[in-house]
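Residue numbers (the numbering used here): 814 to 1134.
Structure first, then comments.
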Ligand code: NAP
Ligand code: GLV
């Protein structure tokens, strides 16, 4: 009987069915926090499958602790930067992820951040809650427009393209930079290809939508930030380490850029003492890009489907390696 370790309780019908399946020996890490690394090393010993989240570091030590019978690491996320995919591949372990179902939900959150930063939504709500709203004023909480302006999308994958589609409704000029040019999709979405430095220099809003890996780590460093327009707003829903956070803080302090909307930070959770949390022109969210109830259930369903397929020697619906 296959043994499986799941690093957190998951939503969705397929997970409920897996839980009830007498042909699986399932251990689920209880509570709302990820297993500490020592517990993870202990719990994976002898398992055939691991179902994990972005909060779990699945590295060589975990694979070694699991043992040679481990066949699948099934991650409930599209990004797999917390998994040593190369080490899994070298050991013949399949890695699954959950692309597609979260694309529109995450693109919606990009727009929530664009609109909230541009129109000072969080700052305005806090102003009202503090009891500071005394009258209407000609410049009270005046922000910047979103419609008719220029959006630069860094990473024209599934989410980047979904962001571009939304920009059409706002009458925006859309620029994109992607490792692989996508002329057909770009033509459909009215997006123009730019070099990264050109995109940064021309965009009123810059949305980061690349995967995190060694090539994209600190893609947005001090030099890149210096190329942005002084009123430009940086939106990051991809991964925190794509931005050099100390350089971002400096750029915001110096007024090199106009603001930031961050669903992800270099270290998660963000340090409550981070200067980012004290800046009115910055919004930080707790990595909720795909967090709608429906989407999270679909992601869990795919993670379970990937697990079951691998353990049945079938092709995974979504395999990374
Ligand atoms: P995707 O369709 O696979 O797109 C990945 C993008 O990253 C593509 O543009 C790809 O370029 C680019 N990329 C990958 N490796 C690169 C490299 N070495 N150099 C330059 N570009 C590279 O994935 P997606 O569904 O759009 O998701 C994108 C990322 O968003 C995920 O990896 C994840 O980190 C993040 N995400 C975050 C949330 C959240 O909750 N905040 C939710 C979902 C996803 P090519 O087209 O050239 O391959
Ligand atoms: C979430 O961050 C994901 O990569 O799915």
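Even for Gly, the Cβ is constructed at its ideal location relative to N, Cα and C.
In this text, all values refer to a predicted model and were calculated from it rather than measured experimentally.
By the CB criterion at 7 Å, residue 1114 and residue 892 fall outside the cutoff. For residue 837, same chain residues with a beta-carbon under 7 Å away, outside a window of 5 residues either side, are 814, 815, 817 and 831 in chain order. One alpha carbon belongs to residue 957, the other to residue 993, and they sit about 32 Å apart. Using a 10 angstroms sphere on the CB of residue 973, the tally of other CB atoms reaches 16 or more, which defines it as buried. If you look at residue 840, you'll find it in the beta strand (DSSP E) that goes 838–841. For residue 890, the distance from the CB to the nearest heavy atom of ligand 2 is below 6 Å. CA-to-CA, the gap between residue 909 and residue 1040 works out to about 37 Å. Judged by DSSP secondary structure, residue 937 falls within the alpha helix (DSSP H) whose first and last residues are 934–942.
With a cut-off of 6 Å, the C-beta of residue 1020 is classified as distant from ligand 2, since no heavy atom of the ligand falls inside that distance. The bridge partners DSSP lists for residue 887 are 864 and 909. Closest option to residue 965, judged by alpha-carbon separation, among 953, 1016 and 1077: 1016.
Boundaries of the beta strand (DSSP E) harbouring residue 990: 986–990, taken from the DSSP string. Nearest in C-alpha terms to residue 927, of all of 1025, 1073 and 971, is 1073. Between residue 898 and the set 1094, 1030 and 872, the nearest pair of CA atoms involves 872. A straight-line Cα-Cα distance of about 10 Å links residue 865 and residue 848.
Membership of residue 882 in any alpha helix (DSSP H) is not indicated, and neither H nor E is assigned to it by DSSP. For residue 914, the Cβ stays outside the 6 Å cut-off from all heavy atoms of ligand 1. Assigned with DSSP and collapsed to three states, residue 1056 falls in strand. Residue state for residue 1123 is assigned as helix, using DSSP reduced to three classes. Taking a 10 Å sphere around the C-beta of residue 1027, we find fewer than 16 other C-beta atoms and assign the residue as exposed. In this structure, the straight-line span from the alpha carbon of residue 850 to that of residue 875 is close to 9 Å.
Assignment of residue 1117 by DSSP, reduced to helix, strand and coil, places it in the helix class. Going by beta carbons, residue 1134 and residue 902 fall inside the 7 Å limit.
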